[in-house]
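The structure under discussion appears below in the form of structure tokens.
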Amino acid sequence: MSKIEALGLIGQTNLVHLKTLDPKPGVEIYAKLEFMNPTGSTKDRIIAYMVQKGIEEGKINKNTTLVEGSSGNTGASVAMIASSMGLKSIIFVPDKCSEEKIAIIKSYGAEVIVKPELTYGKFPALKAAESPDYYHVDQYNNIYNPEAHYMSLGKEIWDQMDGKIDAFVASASTGGTISGVARRLKENDSNVKVVLADPAGSVYKPYFEGKEDYLSYIKSFHVEGAGKTKICATMDFDLVDEAIEFNDENAIEMVQRLAREEGLMVGGSSGGNVWAALEVAKRMEGPAKIVTVLPDSGFKYLSKIFNKEWLKEKGFEHLAN
3 MSKIEALGLI
13 GQTNLVHLKT
23 LDPKPGVEIY
33 AKLEFMNPTG
43 STKDRIIAYM
53 VQKGIEEGKI
63 NKNTTLVEGS
73 SGNTGASVAM
83 IASSMGLKSI
93 IFVPDKCSEE
103 KIAIIKSYGA
113 EVIVKPELTY
123 GKFPALKAAE
133 SPDYYHVDQY
143 NNIYNPEAHY
153 MSLGKEIWDQ
163 MDGKIDAFVA
173 SASTGGTISG
183 VARRLKENDS
193 NVKVVLADPA
203 GSVYKPYFEG
213 KEDYLSYIKS
223 FHVEGAGKTK
233 ICATMDFDLV
243 DEAIEFNDEN
253 AIEMVQRLAR
263 EEGLMVGGSS
273 GGNVWAALEV
283 AKRMEGPAKI
293 VTVLPDSGFK
303 YLSKIFNKEW
313 LKEKGFEHLA
323 N
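Using this note's numbering, the first residue of the sequence shown is number 3, and each one after it goes up by one.
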């Protein structure tokens, strides 16, 4: 297999102080710009790491086709790395996946199969079982997912903040980002507070809070790449101190604010993360530093959360300006 040249571009993303959002003197919010990775999202980190581990373990070779289920960003990362290695890839995406994400995945040469939101996750394993030449990357259960963030993203955040962090706020889809980063930060300083930002309609917050009927909280929401309708093996709730719920309106309104006030074009999960980080910051007294993550680029959502007609159709008329 050929060397993956793009791997050298993954990671070491910038971390910025969101000065316009600081709620009071001495309380500062910082964000990791993960959209600066090659395919425009933080998922490049985990796929590069998991594929490398697959090669080392003899599970991936020159005849392998990588198979994965993704809300879009992981699919793009799998497709990019597969093409760089001269491999094929098959990506299953949910029907709420943006047109831009699907186009990006296809541009790397991957086959894209669209399935309903509540069922798309089961198809990669079924597909991988069809042939020994298929390898299911399995971001939702692969322990190398959070380990990748522990090794890279968590370390980078700690180093860039010079170890001065009071709270880390992030949403979870697979749970790899918040689990991996939280483990790194808490190993370095057990006083770092970890807050899960969860969209209304996801099961993570009610599950974390011990609600036995957590599945009854499932409802549709528009933000991609955050929240889940099931509990993933890569999500470690023992590392979470608190969960905060945000809704689509919170996230989209913050996305617009970040674009207009900070010059940052980001996706809906970024908006949810920053909204939740601001809620945490409002409760704190300075000096205090809160860190969050901007997982992907807003350019992947031009047909949705940056589209006036889409906003009006979904009931967000007041945001369509």
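Beta carbons: idealized from backbone N, C-alpha and C, even for Gly.
Quick caveat, the model's predicted, so the values are computed rather than measured.
- Task: Give every residue of the same chain whose Cβ lies closer than 8 Å to the Cβ of G28, excluding the five residues on either side of it in the sequence, and list them in chain order.
- Result: E287, G288, P289 and A290
- Message: Please report the distance separating the alpha-carbon of R185 from that of D238.
- Response: 9 Å
- Item | Local Cβ density within 10 Å of M3, reported as buried at 16 or more and exposed below that | Because the pLDDT at M3 is just 49, under 50, the model does not fix this residue reliably, and the value given afterwards should be weighed accordingly. With fewer than 16 other beta carbons inside 10 angstroms of its own, M3 counts as exposed.
- Query: Is there contact here, the segment 21–37 with the segment 293–306, by at least three beta-carbon pairs under 8 Å?
  - Reply: yes
- Simplified DSSP state of F318, which is helix, strand or coil: coil
- Message: I'd like the list of long-range same chain contacts for L304, defined as Cβ closer than 7 Å, with 5 residues on each side in sequence excluded.
- Response: E102
- Terminal residues of the alpha helix (DSSP H) in which T179 lies: For T179, the enclosing alpha helix (DSSP H) stretches over residues G178 to N190.
- Which of helix, strand or coil DSSP assigns to L304: The answer is coil: DSSP assigns L304 none of H, G, I, E or B.
- May I ask which residues mark the beginning and end of the alpha helix (DSSP H) holding G269? Where G269 is concerned, there is no enclosing alpha helix (DSSP H), given that its DSSP letter is neither H nor E.
- Among residues of its own chain, excluding the 5 on either side of V69, which ones have a beta-carbon nearer than 6 Å to its beta-carbon? I92, P126, K129, A130, Y136 and H138
- For F210, does the count of other Cβ atoms within 10 angstroms reach 16, so buried, or fall short, so exposed? Around the CB of F210, 16 or more other CB atoms lie within 10 Å, so the residue is classed as buried.
- Task: Sort L198, Q54 and G156 by Cα distance to V171 and report the nearest one.
- Result: L198
- Message: For a test of the three-state rule: what should DSSP assign to M3, helix, strand or coil?
- Response: Caution is warranted here: a pLDDT of 49 is assigned to M3, below 50, making its placement in the model unreliable, and the coordinate value is therefore given only provisionally. M3: coil per DSSP, three-state reduction.
- If you follow the alpha helix (DSSP H) that P126 is part of, which residue opens it and which one closes it? Note, P126: alpha helix (DSSP H), F125 to A130.
- Could you have a look at I233 and say whether DSSP puts it in helix, strand or coil? coil
- Task: Give every residue of the same chain whose Cβ lies closer than 6 Å to the Cβ of D243, excluding the five residues on either side of it in the sequence, and list them in chain order.
- Result: K195 and V196
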